[in-house]
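Asker: Residue numbers (the numbering used here), protein chains in the order written: chain A, 1 to 661; chain B, 1 to 274. Could you have a look at this structure, given as structure tokens, before my questions?
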Amino acid sequence: MNSLKRREFLKWGIVASSLFAVGGRTPHFTRITGKADTRTKILVLGFDGLDPRLLEMWMEADKLPAFRRLRSQGDFRPLQTSVPPQSPVAWANFITGTDPGGHGIFDFMNRDLETYIPVFSGTATEEAKTTLRFGDLVLPLRGGKVRNLIKGRAFWQILEDHDIPATVFKMPSNYPPVPTKQRTLSGMGTPDIKGYYGLFNYYTDQPFRINEDIGGGRIHQVSVDKNTVEARLPGPTNTFKKDRPESTVDFKVVIDPVNPVAKISYQDQEFILKEKEWSGWKRVRFHLLPTQSVSGICMFYLKEIRPHFKLYVTPINIDPASAALPISTPESYAQELEKKLGPFFTKGLPADTSALDHDVLDEAEFLEQDDMIFREGERMFEHEFNRFDSGLLFYYVSSTDQRQHMFWRLLDQSHPMHDPGLVSTYGRTIENIYVEADRFLDSVLQRIGKDTLLLVMSDHGFNPFRRGFNLNTWLFENGYHKLRNPWRQEDTSLFDNTDWSRTKAYGVGLNGLYINQKGRERQGIVNTGADSENLIREIANKLEQVVDPKTGERAILRAFVAKDVYRGRHLDLAPDIVLGFNYGYRISWGSPLGKFPRQVFEDNTEKWSGDHMSAPEVIPGILFTNRKVRAESPALYDLTATILDVFGIAKPEEMTGRSIF
Amino acid sequence: MWTFNSLIGRMFALIFFPFRSLHPWFAMVFISFLTGLLMLFVFRLTSNQKGIRQVKDKIKAHLLELRLFKDSLPVTLKAQGQILKHNLKYISYSAKPMLVMIIPLLVILAQLNLWFGYEALRAGDTALVKVVLKKSVAPFEADVELEAPPGLAVETPPLRLVETGEVYWRIRAKKEGVHELRVKLAGQNVTKTVIVTAKPLARVCPMKSASLLDGLLFPGEKLIPSRTPLTFVEIIYPAKRLNLAGLGLHWLIPYLVLSVLFGFIFKRPFRVEI
Chain A
1 MNSLKRREFL KWGIVASSLF AVGGRTPHFT RITGKADTRT KILVLGFDGL
51 DPRLLEMWME ADKLPAFRRL RSQGDFRPLQ TSVPPQSPVA WANFITGTDP
101 GGHGIFDFMN RDLETYIPVF SGTATEEAKT TLRFGDLVLP LRGGKVRNLI
151 KGRAFWQILE DHDIPATVFK MPSNYPPVPT KQRTLSGMGT PDIKGYYGLF
201 NYYTDQPFRI NEDIGGGRIH QVSVDKNTVE ARLPGPTNTF KKDRPESTVD
251 FKVVIDPVNP VAKISYQDQE FILKEKEWSG WKRVRFHLLP TQSVSGICMF
301 YLKEIRPHFK LYVTPINIDP ASAALPISTP ESYAQELEKK LGPFFTKGLP
351 ADTSALDHDV LDEAEFLEQD DMIFREGERM FEHEFNRFDS GLLFYYVSST
401 DQRQHMFWRL LDQSHPMHDP GLVSTYGRTI ENIYVEADRF LDSVLQRIGK
451 DTLLLVMSDH GFNPFRRGFN LNTWLFENGY HKLRNPWRQE DTSLFDNTDW
501 SRTKAYGVGL NGLYINQKGR ERQGIVNTGA DSENLIREIA NKLEQVVDPK
551 TGERAILRAF VAKDVYRGRH LDLAPDIVLG FNYGYRISWG SPLGKFPRQV
601 FEDNTEKWSG DHMSAPEVIP GILFTNRKVR AESPALYDLT ATILDVFGIA
651 KPEEMTGRSI F
Chain B
1 MWTFNSLIGR MFALIFFPFR SLHPWFAMVF ISFLTGLLML FVFRLTSNQK
51 GIRQVKDKIK AHLLELRLFK DSLPVTLKAQ GQILKHNLKY ISYSAKPMLV
101 MIIPLLVILA QLNLWFGYEA LRAGDTALVK VVLKKSVAPF EADVELEAPP
151 GLAVETPPLR LVETGEVYWR IRAKKEGVHE LRVKLAGQNV TKTVIVTAKP
201 LARVCPMKSA SLLDGLLFPG EKLIPSRTPL TFVEIIYPAK RLNLAGLGLH
251 WLIPYLVLSV LFGFIFKRPF RVEI
């Protein structure tokens, strides 16, 4: 909440300093970006999850002419991804030019060493250290902030040192944005206004439940009374109040008794939606104190009026016009974009995959939403591209990743969720997003000059997620993990049934396995040194031998021992073993949440059907450039070194990569 | 009443004509300046200038008395009584010009609200149209229709609220211009103007009503004939705010502040005692 106070202060500061500016816009006091006029410009297009095999297949089928053209004019290589090939890890490799040992991000999740409870590895939120209490009111006086936990320096910070301008659009793992005067907008990892990575609201008069292992949404049972529905939008926790209630905004939906149309009203907003219609961005203000409020933006989707009332509301995004949390550098950059282009998705990964997984949105509705995201991003790119005259521009596309996650089941006939009935309509969804990416690339290729180095990259490829591996169940069955009450095995969550005094190993995150080590974990029992080392090797060997009884295939292709694969100063944050799954396998849904399902293997019966938790050699990313590449097998961190090299900047000592040219 | 409203409306349209493409602040400063002068003029003509001057002098004298004889309680109390008495007298002198000014000022405010109160639609924008039926008309029995000219599109079927007799539609502005929506009900037509422009200053009347009071408050369009089964037709335009360094102000605030400011600035040159 300190940021709120600071923002208010800023607002009044702006008022005071430009009192006489008639019709004044918000002035930009911060000097933005470097001034150097670089001889070569670098444009980096980051398509999350673009897969080299699919690309090659569709290039050969002449469906991706722009990629083909770029390959013939320049070069194409599979791009070595990170260990593990999770997006936050992979993009952090690119940001810093190091492997996870250098930047400290090893997984989406880490664990609290005191409680063993999984925590997000990318950001940490610190509450106000000093507060003042008046009855029920709690006023923050000092401290309180959100920190980006990525270590090392981002390449645009290094460019800034050399006065080279850079604009970095929605770079994953850059929330809150690292300090810089360059224009940056935070990407994957940016939460919604409640601090979640996306919590939709769904209002219905029908009984409805969601899979808690996936989460991502809240169901509100409502009733239609005299053609009226009264409900609440949940907002952020009100930390100004002693008991920290959830702030809410009441809204009312009035429906026509016959026509499929409804009017939604709240605060000073009033709008009409037809059935199956999206509202566009709507602003909502949560009042925390008479002088303090937080503004968010969301979209309403009226899914159905009759026979059942169904209203979906997107996660409430941080309002870029009045951001309650830091989402850009300088702070005014998000406002500037909002003023020029209107409100935009600020949540890290905006497509609501949870809503599709829970059948709150169907395939068509999800794609409608993701189309909005893609087009909105294109408009923002156009805005930046039109003023890109020097330095570097990075642009990120999430739709390529999100659609592969959700629609792989229709590409893969052996997937448990393959639905032949949907194939005729949505079987080409993944191909279509590759074609969209190609169309976008084509428009860029037509407009870039010879002075522009174009790097088109993805952080990893993709493969099916057919079978889930319950790592914690396997550890339990093999005697490395002990439960206090084994008969309660299936009721366990967040390790609440674990006997830590006898547990040697546990799995947290999507690829990580940790030894319960003395002196590190609060209740650690395994001695450091040889004991721990031997145990790690023993478990790693056994994991690589695990065979799925249903398919006869090995589930884990590589069990990486952290100290063998990482370099850098932050190995202490690494899991002891990093699982590199085989093609078609991934960690199960429950295991990362400290659960112990009965079976070690399970079919993946969710729509989230494509993934990238495999051994890195299974799913490399892609690299296209408009110049010939010298490196035979370039890696993500090599691109960082390349950017510095092209601008004539010496590579910092800690950087792992080498120039690809 | 429409003739009067129309005449006044044309006068304001003439005043604001040069400002249509400029930021609304320019028009606001100008109209505040004119209002300040008008108030001074009316005040000078209708007030007892000599009396005001005398009473103000007396108040000053008694204030001086208070300071000089602050040790003497009887004198102080008497002086305070005198100050109160002359203040009341001063208020009574001001009452007449205020009463004279109140009617024209309301007319001015109603007109200014049309220019500064609402944001005209831009091509591509949507807005709600609200029709309120007379109590004698049931929304479901009345076959109420909304017909749009080529520059507008009606995007939704009617949304009817039985209890309040309201009917809503959503319209979309397709191209710039002054468009006329047509509400059809029981064989009768009521038209309502919709303004679509990118110009920063435009005269936007949100409501067309059958009520005389609404006709005074929203003098931009003719009253709906009383025999029509409608109470009013409203276009819900976005509220306009005057931006002052990032703060969106309701137009009334700068208008009143600036008018008073101009009044004070020009009272000496125009020799008006306030």
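Glycine included, C-beta positions come from ideal geometry on N, C-alpha and C.
Taking any Cβ of chain A, which residues in the region 136-160 of chain B have a Cβ under 7 Å from it, in chain order?
Answerer: Answer in chain order: T156, P157, P158, L159, R160.
Asker: I'd like to know if D256 (chain A) contacts chain B, where contact means its C-beta is closer than 8 Å to some C-beta of that chain.
Answerer: Chain B, which has a Cβ nearer than 8 Å to the Cβ of D256 (chain A), makes this yes.
Asker: Give the single residue among A:K63, A:L411, A:W589, A:Q80 whose Cα lies nearest to the Cα of I619 (chain A).
Answerer: The shortest Cα separation from I619 (chain A) among A:K63, A:L411, A:W589, A:Q80 belongs to A:Q80.
Asker: Between I193 (chain A) and V313 (chain A), which are expected to be in contact by the criterion C-beta below 8 Å, what is the C-beta distance as a whole number of angstroms?
Answerer: Their Cβ separation, rounded to whole angstroms, is 12 Å, which puts I193 (chain A) and V313 (chain A) out of contact at 8 Å.
Asker: Would you mind stating whether A351 (chain A) and A334 (chain A) have Cβ atoms separated by less than 8 Å?
Answerer: Cβ atoms of A351 (chain A) and A334 (chain A): not closer than 8 Å.
Asker: Have a look at D48 (chain A) and K129 (chain A) and give me their C-alpha separation to the nearest angstrom.
Answerer: When rounded, the distance between both Cα atoms is 38 Å.
Asker: Where does the unbroken alpha helix (DSSP H) through A153 (chain B) begin, and where does it stop?
Answerer: Segment 152-154 is the beta strand (DSSP E) holding A153 (chain B); no alpha helix (DSSP H) there.
Asker: Considering just the uninterrupted stretch of the beta strand (DSSP E) at A665 (chain A), what are its terminal residues?
Answerer: The first residue shown for chain A is 1 and the last is 661, placing residue 665 (chain A) beyond what the model contains.
Asker: Please name the residues in the region 271-296 of chain A whose beta-carbon is closer than 9 Å to at least one beta-carbon of chain B, in chain order.
Answerer: From the region 271-296 of chain A, only F271, I272, L273, K274, E277, G280 have a Cβ closer than 9 Å to chain B.
Asker: Please work out which residues of its chain come closer than 6 Å, Cβ to Cβ, to A635 (chain A), disregarding the five sequence neighbours upstream and downstream, and give them in chain order.
Answerer: Excluding residues within five positions, the ones whose Cβ falls inside 6 Å are Q80.
Asker: Might you give, ordered along the chain, the residues of its own chain that have their beta carbon closer than 6 Å to the beta carbon of N110 (chain A), omitting 5 neighbours on each side?
Answerer: Cβ neighbours of N110 (chain A) beyond the five flanking positions: V119, S121.
Asker: Between V132 (chain B) and T231 (chain B), how many whole angstroms is the CB-CB distance? I'm expecting something under 8 Å.
Answerer: Yes, V132 (chain B) and T231 (chain B) are in contact; Cβ-Cβ is about 4 Å, under 8 Å.
Asker: Tell me whether N87 (chain B) sits in a helix, a strand or coil according to DSSP, three-state version.
Answerer: Note: N87 (chain B) maps to helix in three-state DSSP.
Asker: Can you tell me whether I103 (chain B) is buried or exposed? The criterion is at least 16 other CB atoms within 10 Å of its CB, across all chains shown.
Answerer: Result: exposed.
Asker: Could you tell me the distance, in whole angstroms, from the CA atom of D572 (chain A) to the CA atom of L128 (chain B)?
Answerer: The alpha-carbon atoms of D572 (chain A) and L128 (chain B) are separated by roughly 60 Å.
Asker: Using a Cβ-Cβ distance cut-off of 8 Å, determine whether V261 (chain A) contacts chain B.
Answerer: Closer than 8 Å to some Cβ of chain B, the Cβ of V261 (chain A) qualifies, so yes.
Asker: When you compare the CB of Y168 (chain B) with every CB in chain A, is at least one pair closer than 8 Å?
Answerer: Yes, Y168 (chain B) lies at the interface with chain A (some Cβ there is under 8 Å from its Cβ).
Asker: Any Cβ of chain A within less than 8 Å of the Cβ of L128 (chain B)?
Answerer: Yes, L128 (chain B) counts as interfacial toward chain A.
Asker: Under 9 Å between beta-carbons, which chain A residues line up against I59 (chain B)? List them in chain order, please.
Answerer: None at all; the shortest Cβ gap to chain A is about 34 Å.
Asker: Is the beta carbon of T190 (chain A) sitting closer than 8 Å to the one on G348 (chain A)?
Answerer: Yes, they are a contact pair.
Asker: Please report the residue range of the alpha helix (DSSP H) in which S173 (chain A) lies.
Answerer: Taken as a continuous stretch (DSSP letters only), S173 (chain A) belongs to no alpha helix (DSSP H), as it is neither H nor E.
Asker: Verify whether the separation of the beta carbon atoms of H612 (chain A) and G507 (chain A) is less than 8 Å.
Answerer: No.
Asker: Taking 8 Å as the CB-CB cut-off, is I253 (chain B) touching chain A?
Answerer: It does not; no Cβ of chain A falls within 8 Å.
Asker: In chain order, what residues of the same chain have a beta carbon less than 7 Å from the beta carbon of F43 (chain B), not counting five sequence neighbours either side?
Answerer: Once the five neighbours on either side are set aside, the close Cβ partners of F43 (chain B) are P97, V272, I274.
Asker: Measuring only between beta-carbons, confirm whether I236 (chain B) sits less than 8 Å from chain A.
Answerer: Yes, contact with chain A.
Asker: Roughly how many whole angstroms lie between the Cα atoms of S291 (chain A) and R232 (chain A)?
Answerer: The sequence given here has Thr at residue 291 (chain A), not Ser. Going from the Cα of T291 (chain A) to the Cα of R232 (chain A) covers about 22 Å.
Asker: Quick one: what does DSSP say W2 (chain B) is sitting in, helix, strand or coil?
Answerer: Helix, per DSSP.
Asker: Kindly give me the distance between the Cβ atoms of Y610 (chain A) and P464 (chain A), rounded to whole angstroms, as I take these residues to be in contact under 8 Å.
Answerer: Rather than Tyr, the amino acid found at residue 610 (chain A) in this sequence is Gly. Rounded, the Cβ-Cβ distance is 6 Å, consistent with contact.
Asker: Can you tell me which of A:T180, A:A437, A:Y175 puts its alpha carbon nearest to the alpha carbon of P326 (chain A)?
Answerer: If we check each option's Cα against that of P326 (chain A), A:Y175 comes out closest.
Asker: Identify every residue that forms a DSSP beta bridge with L185 (chain A).
Answerer: According to DSSP, L185 (chain A) bridges with A:F169, A:S328.
Asker: Which residue comes first and which comes last in the alpha helix (DSSP H) that contains F407 (chain A)?
Answerer: From DSSP, the alpha helix (DSSP H) with F407 (chain A) extends over 399-407.
Asker: Tell me whether M28 (chain B) is buried or exposed, calling it buried when 16 or more other Cβ atoms sit within 10 Å of its Cβ.
Answerer: Classification for M28 (chain B): buried.
Asker: Helix, strand or coil: which one does DSSP assign to N626 (chain A)?
Answerer: DSSP places N626 (chain A) in coil when its eight states are reduced to three.
Asker: Considering only residues of the same chain and omitting the five flanking positions on each side of F345 (chain A), which have a CB-CB separation below 7 Å?
Answerer: Around F345 (chain A): N317, I373, E376.
Asker: By Cβ distance, which residues of its chain are closer than 6 Å to V629 (chain A), with the 5 residues on each side in sequence left out?
Answerer: Excluding sequence neighbours, V629 (chain A) sits near D75, R77, I660.
Asker: Thinking C-alpha only, which one of A:R183, A:L185, A:S493, A:K181 is nearest F596 (chain A)?
Answerer: For F596 (chain A), the nearest C-alpha among the options comes from A:S493.
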